[in-house]
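Below is one structure, written out as structure tokens; comments come after it.
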């Protein structure tokens with residue numbers, strides 16, 4: 002006789018109720034893992050969209066409008082899969098939602114009181130990069146899988162390496178260069194490969210395809226170190242410094258952790274000494290690179306600028322942008338001049354995220370964003386044994402920080418930097434996960 006606690010299983014066999022529940026749970030878990038896997042690949046594509054654009058352009062496929070098309074495809078695909086097979090897996094992060102509404106509110110106020118073409122363009126860019134970053138992070142994904150497929154994307158350069166190298170080149174009178182946009186595009190898979198290689202996974206074997214991706218990323222790393230913009234080299238230095246710090250701080254606990262703070266102190270002291278003796282340092286680095294038969298464009302350009310303009314040469318003309326920013330900040334320090342106001346006045350952006358925030362949104366916009374960025378920095382400097390969440394989340398945040406923040410400090414503007422918005426929303430996810438672990 003069949004008891005009430007029994008259930009029919011597939012081919013007509015009977016299973017005890019507990020076994021039936023376990024079977025259903027395993028099926029649900031497998032579906033959840035597959036959804037996470039697919040969403041992780043979508044996020045990887047979104048993060049390296051600029052790099053993929055270069056690859057497709059070298060193949061004479063899609064060039065204009067590739068990035069928004071790719072982002073739209075990834076969003077539609079991931080939401081379709083998740084809504085059909087795992088609707089319950091979508092979680093709205095309250096911190097992310099509040100921050101998103103805060104930014105949108107600032108845009109709407111600017112449009113209401115100071116409508117111009119620039120703010121409409123910036124708002125469109127934010128919706129395309131910021132809103133989509135919010136949407137994709139509502140879905141379940143695995144940060145380790147994101148890092149892995151960003152690393153594997155380095156293999157795509159093998160599709161047409163000569164055309165890629167030719168397309169990203171920038172002709173100068175004295176040295177080879179990669180244009181700035183391409184430099185930051187190649188930076189993403191290279192940085193992901195560095196992080197993925199040095200992450201702590203004991204006993205894990207490197208597959209052949211992963212090994213080949215490391216080789217292609219080493220080639221792109223050589224291109225970046227020898228021909229990329231100065232901001233790209235700084236991004237790599239930030240990444241490597243934080244990775245070294247992480248390795249050092251993980252070795253010590255308790256009172257010995259003072260050594261990790263000593264590491265920060267030594268690093269800052271060396272940075273100040275290098276700045277004071279910048280000409281000598283640059284000359285030494287340039288001579289060393291020449292001795293090794295390598296010409297590094299970032300060092301050569303910086304040396305020429307400092308040699309001609311002294312310390313102001315480091316800014317490469319940005320001092321005028323900064324002075325104009327300070328003038329606008331003085332006029333409206335609390336609420337700012339409105340989003341897009343600097344570009345509307347001078348036809349360019351301030352080339353510094355802090356100045357841009359102060360000019361456009363004053364203290365009201367700047368303080369909340371800086372609090373979040375400061376929180377991210379402190380989290381990245383937190384020793385691993387004090388972090389309650391999986392270290393893979395830490396590494397993904399490290400990647401986004403090293404790709405986004407140095408660039409925003411010296412060149413680009415935040416409304417079109419999807420890595421920046423992803424960094425913030427991933428940080429909010431980490432905060433939520435940490436809170437759940439502690440309760």
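Numbering (this note's numbering), first residue to last: 2 to 440. Virtual Cβ for every residue (Gly too), placed ideally from N, Cα, C.
Burial state of residue i (16 or more Cβ within 10 Å)
i: residue 424; result: buried
i: residue 141; result: buried
i: residue 65; result: exposed
i: residue 368; result: exposed
i: residue 298; result: buried
i: residue 92; result: exposed
i: residue 95; result: exposed
i: residue 25; result: For residue 25, the predicted structure reports a pLDDT of 48, less than 50, and the residue's modelled location is therefore unreliable. A value from the coordinates is still provided. It is exposed - the Cβ of residue 25 has fewer than 16 other Cβ atoms within 10 Å.
i: residue 327; result: exposed
i: residue 285; result: exposed
i: residue 125; result: exposed
i: residue 175; result: Note on residue 175: pLDDT 49, under 50, position unreliable in the model; the coordinate value appears next. It counts as exposed.
i: residue 70; result: exposed
Candidates the options, of which the one nearest residue i by Cα
i: residue 44; options: 429, 419, 370, 431; result: 419
i: residue 371; options: 381, 362, 355, 380; result: 355
i: residue 415; options: 139, 41, 129, 61; result: 129
i: residue 247; options: 396, 40, 79; result: 396
i: residue 249; options: 268, 231, 234; result: 268
i: residue 169; options: 47, 334, 403, 59; result: 59
i: residue 150; options: 78, 271, 40; result: 40
i: residue 104; options: 375, 366, 405, 432; result: 366
i: residue 375; options: 406, 82, 109, 85; result: 406
i: residue 383; options: 265, 417, 215, 319; result: 265
i: residue 421; options: 118, 127, 229, 194; result: 127
i: residue 431; options: 279, 392, 86; result: 392
i: residue 72; options: 61, 42, 381, 99; result: 42
i: residue 34; options: 77, 87, 61; result: 87
i: residue 433; options: 98, 341, 78, 77; result: 98
i: residue 224; options: 84, 165, 435, 334; result: 165
i: residue 303; options: 331, 413, 70, 229; result: 229
i: residue 358; options: 68, 107, 251, 305; result: 107
i: residue 336; options: 360, 280, 278; result: 360
Contact check, residue i vs residue j, beta carbons under 9 Å
i: residue 237; j: residue 226; result: yes
i: residue 90; j: residue 243; result: no
i: residue 157; j: residue 52; result: yes
i: residue 192; j: residue 54; result: no
i: residue 63; j: residue 161; result: no
i: residue 362; j: residue 114; result: no
i: residue 49; j: residue 189; result: yes
i: residue 345; j: residue 120; result: yes
i: residue 329; j: residue 350; result: no
i: residue 283; j: residue 307; result: yes
i: residue 294; j: residue 221; result: no
i: residue 377; j: residue 428; result: yes
i: residue 217; j: residue 159; result: yes
i: residue 47; j: residue 134; result: yes
i: residue 296; j: residue 288; result: no
i: residue 137; j: residue 82; result: no
i: residue 215; j: residue 152; result: yes
i: residue 334; j: residue 300; result: no
i: residue 411; j: residue 231; result: yes
i: residue 100; j: residue 426; result: yes
Residue i (DSSP reduced to helix, strand or coil)
i: residue 408; result: helix
i: residue 179; result: strand
i: residue 359; result: helix
i: residue 348; result: coil
i: residue 332; result: helix
i: residue 63; result: coil
i: residue 124; result: helix
i: residue 75; result: helix
i: residue 51; result: helix
i: residue 200; result: coil
i: residue 299; result: helix
i: residue 174; result: Because residue 174 carries a pLDDT of 46, less than 50, the predicted location of this residue cannot be relied on, and the following value inherits that uncertainty. Three-state DSSP puts residue 174 in coil, outside helix and strand.
i: residue 162; result: helix
i: residue 138; result: coil
i: residue 69; result: helix
i: residue 45; result: helix
i: residue 418; result: coil
i: residue 293; result: coil
i: residue 21; result: Because residue 21 carries a pLDDT of 45, less than 50, the predicted location of this residue cannot be relied on, and the following value inherits that uncertainty. Residue state, collapsed to three classes: helix.
Residue i: CB within 8 Å of a non-hydrogen atom of the ligand PLP
i: residue 199; result: The ligand PLP is absent from the structure shown, which contains no ligand whatsoever.
Min CB distance residue i to chain B below 9 Å
i: residue 398; result: Chain labels in this structure do not include chain B; a single protein chain is all it has.
Quiz item: If you pair each beta-carbon of the segment 202-215 with each one of the segment 178-187, do three or more pairs fall below 8 Å?
Solution: At 8 Å Cβ cutoff, the stretches do not touch.
Exercise. Spell out a yes or no on whether the segment 134-154 and the segment 183-200 are touching, meaning 3 or more CB-CB pairs, one atom from each, closer than 8 Å.
Key: Taking 8 Å as the limit for Cβ pairs, the verdict is that the segment 183-200 does touch the segment 134-154.
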